[in-house]
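Below is one structure, written out as structure tokens, with a few remarks after it.
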Amino acid sequence: MRKKIGIFLSVIFCLITFANEDYTSLLIGDMGGNVYYRENFNEKHPMASVTKMMTMMITYDHIRNKDISLEDRVEITSEARSVGGSMIWIPGGARLTVRDLIKATAIYSANNAAYALAEHIGMGDVDSFVKEMNQKAEELGLEDEVEFYTPTGLPSSMTGKPMDKGTALGIYKLSLEALKYPEYITIASLKKDFIQDGTQRLVNRNKLLSKEKGIFGIKTGHHSKAGYNISVAAKRDGITTIVVVFGSPDEETRDKVVTEHLDKFYDEYHVEKLIEMSKPMVEVDVEGGKKDTIYGYPEEDFEQLISKNWGVEIRKTYIKSIEAPVTKERVLGSYQLIINGKQVKEGKIYTIESVEKERFLDKVKKIF
């Protein structure tokens, strides 16, 4: 009997674990930190070359601080030459500029380029560079969601160190930070470029880059222990989103997951102006005034990204009549904006004009 129960539980576990063969984790969020779709988003997985997102951010931090410059020429050590995996060709004795190493890392995901940058910034001490990566993660509040051991993301079999790991939520938050480095994102969004005075051509590992689909950046990653990972940004109809996918079995499946979920998202969600200062919200009777009614307007405009399946309601509390005189910007009431059953905003309702008290001559004019 116990044996049968054990077999049954094993089958159930396998069904749960392998219910989705297209990925292990998935997350879609916007620039405001709002997550719209998530699956296994808190599970840590090997990041592979998605790790290089942090490598690039640390590099640009040092450029901004003027510790290094884009024109610095970096000696490529024997350690950098032998890291393995995806690499660019570097002739013996060549010294590459920081600019070329950044391009090789961001576009082609070259491990020897990323390692050389870490050596240059760490003054020969790569572990010091990795320490900076983890310190920045801690500063961003991501110490529980990402962990770095290398500047490349290579597996332990090639580095002798633990694998760099992260959650989909952690990479999403890291991607939001990466988008604050436009110089990095511009390079990461190039389909191709050249380095070493135009002698070596780089082709982007991210095949999804497309102006038509609005897809740009940020970083791909792959090795045998991680599967195929990606963090990609897209902008359509003025809305920027980030999609993170971990653990796809191949590049084609991963890219299909991204495009299908992006299309689904942009089909369902749109930005709508829900509160407009120029549109009256209430009408109030005026007693004893030169005008019989006055309108109340909201204090500010408000727009938000919403689903076409969500309900939107504006609840108003206001006085039904008021005695003249009425001063401009008089508070007539308040409102609450309810989206999908939750209050997202509240505000006051004001007059935008004044109404004087009716005089005797005004009453006579009304009669005749």
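Numbering-wise (the working numbering), the sequence shown opens with residue 26 and increments by one.
Don't be surprised by glycine CBs; every beta carbon is placed ideally from N, CA and C.
In this text, all values refer to a predicted model and were calculated from it rather than measured experimentally.
Cβ atoms of Asn136 and Thr108: under 7 Å apart, would you say?
-> Per the sequence presented here, residue 108 reads as Val, with Thr not at that position. Yes, they are a contact pair.
Which ranges would you report for the alpha helix (DSSP H) in the stretch 41-94 if only whole runs of at least 4 residues count?
-> Runs of the alpha helix (DSSP H) inside the stretch 41-94: 77-89.
Unbroken stretches of the beta strand (DSSP E), 3 residues or longer, contained in the stretch 94-147 | With a minimum length of 3 residues, the unbroken runs of beta strand (DSSP E) contained wholly in the stretch 94-147 fall at 98-100, 120-122.
Three-state secondary structure (DSSP) at Thr245?
-> Of the three classes helix, strand and coil, the one that applies to Thr245 here is strand, per DSSP.
Residues sharing a beta bridge with Phe271, DSSP | Looking at the DSSP assignment, Phe271 forms a beta bridge with Ser50.
Option in Ser256, Phe173, Ala138 with minimal Cα separation from Ser153 = Minimum Cα distance to Ser153 is reached at Phe173.
Arg384: which of Lys250, Thr184, Ser94, Gly313 sits nearest, CA to CA?
-> Here the closest residue by C-alpha is Gly313.
Buried/exposed call for Glu144, threshold 16 Cβ in 10 Å | Per the 10 Å Cβ criterion, buried.
Please look up how many angstroms separate the CB atoms of Ala319 and Thr376, rounded, as I've assumed it's under 8 Å.
-> First, the residue type needs correcting, since residue 319 is Ile and not Ala in the sequence shown. Under the criterion of beta carbons closer than 8 Å, Ile319 and Thr376 qualify as touching, at roughly 6 Å.
Select from Gly117, Arg89, Lys190, Gly110 the residue whose C-alpha is nearest the C-alpha of Ile101.
-> When Gly117, Arg89, Lys190, Gly110 are compared, the shortest CA-CA separation from Ile101 is found for Gly117.
Spatial neighbours of Leu61 within its chain, please: CB distance less than 6 Å, with the 5 preceding and 5 following residues excluded, ordered by chain position.
-> Note that residue 61 is Tyr in the sequence shown, not Leu. Cβ within range, chain order: Ile53.
Answer with buried or exposed for Met81, where buried requires no fewer than 16 other C-beta atoms within 10 angstroms of its C-beta.
-> The residue is buried, with at least 16 neighbouring Cβ atoms inside 10 Å.
Does the distance from the CB of Met78 to the CB of Ala193 come in under 7 Å?
-> No, the Cβ-Cβ distance between Met78 and Ala193 is not below 7 Å.
Taking buried to mean at least 16 other C-beta atoms within 10 Å of its own C-beta, is Met302 buried or exposed?
-> By the neighbour-count criterion, in which 16 or more other beta carbons inside 10 Å mark a residue as buried, Met302 falls on the exposed side.
Beta-carbon proximity check, Asp55 vs Thr266, cutoff 7 Å = The Cβ-Cβ distance between Asp55 and Thr266 falls below 7 Å.
Taking only beta-carbon atoms, is Ile196 less than 7 Å away from chain B?
-> This model lacks chain B altogether, as it is built from one protein chain only.
Other residues of its chain near Gly110: CB distance less than 6 Å, five sequence neighbours each side excluded | Excluding the 5 residues flanking it on each side, Gly110 has same chain C-beta neighbours closer than 6 Å at Asn136, Leu179, in chain order.
Taking all protein chains shown into account, do 16 or more other C-beta atoms lie within 10 angstroms of the C-beta of Val75, making it buried, or fewer, making it exposed?
-> A residue is called buried when at least 16 other Cβ atoms come within 10 angstroms of its Cβ; Val75 meets this threshold and is buried.
When we look at the beta-carbon of Gly57 and count the other beta-carbons within 10 Å, is it buried (16 or more) or exposed?
-> Looking at its Cβ environment, which holds fewer than 16 other Cβ atoms inside 10 Å, Gly57 is exposed.
Please report how far the alpha carbon of Val372 lies from the alpha carbon of Met306, in whole angstroms.
-> What sits at residue 372 in the sequence shown is Gly, not Val. Their Cα atoms are separated by approximately 12 Å.
Do Ile220 and Asp125 come within 7 Å of each other at the CB atom, strictly closer than that value?
-> A distance below 7 Å separates the beta carbons of Asp125 and Ile220.
Expressed to the nearest angstrom, what Euclidean distance is found between the alpha-carbon atoms of Glu163 and Val171?
-> Each residue's Cα considered, the two are about 9 Å apart.
What residues match up with Asp218 in a beta bridge as DSSP calls it?
-> Leu227.
What are the boundary residues of the alpha helix (DSSP H) that Val155 is part of?
-> Start and end: 151-164.
Identify the residues that DSSP records as bridge partners of Leu330: which are they?
-> For Leu330, which the question treats as bridged, DSSP gives the partners Val296.
Kindly give me the distance between the Cβ atoms of Glu297 and Glu276, rounded to whole angstroms, as I take these residues to be in contact under 8 Å.
-> So it is not a contact: roughly 36 Å between Cβ atoms.
Take the Cβ of Ala119 as the centre, count every other Cβ of all protein chains shown within 10 Å, and call the residue buried at 16 or more, exposed below.
-> So Ala119 counts as exposed.
Beta-carbon gap between Ser200 and Ser256 smaller than 7 Å = Using a Cβ distance threshold of 7 Å, Ser200 and Ser256 count as a contacting pair.
Host alpha helix (DSSP H) of Leu12 (start-end) = Residue 12 is absent from the model: the chain starts at 26 and stops at 393.
Using three-state DSSP, classify Gly358 as helix, strand or coil.
-> Annotated three-state conformation of Gly358 is strand, per DSSP.
Is it right to say Val380 is buried, meaning 16 or more other beta carbons lie within 10 angstroms of its own, or is it exposed?
-> Label assigned to Val380: buried.
Excluding five sequence neighbours on each side, which residues of the same chain lie with their C-beta closer than 6 Å to the C-beta of Lys69?
-> Lys190, Thr192.
For Ser182, three-class secondary structure by DSSP | Residue state for Ser182 is assigned as helix, using DSSP reduced to three classes.
Over what stretch of residues does the beta strand (DSSP E) that includes Glu308 continue unbroken?
-> Here the beta strand (DSSP E) through Glu308 covers 307-312.
Quick one: measure Cβ to Cβ for Lys244 and Pro71, integer angstroms, because I've assumed they're closer than 8 Å.
-> Between Lys244 and Pro71 a beta carbon distance of about 14 Å is seen, past the 8 Å cut, so the two are scored as non-contacting.
Output the distance between the C-alpha atoms of Thr224 and Asp218, rounded to the nearest integer angstrom.
-> Approximately 11 Å between the Cα atoms of the pair.
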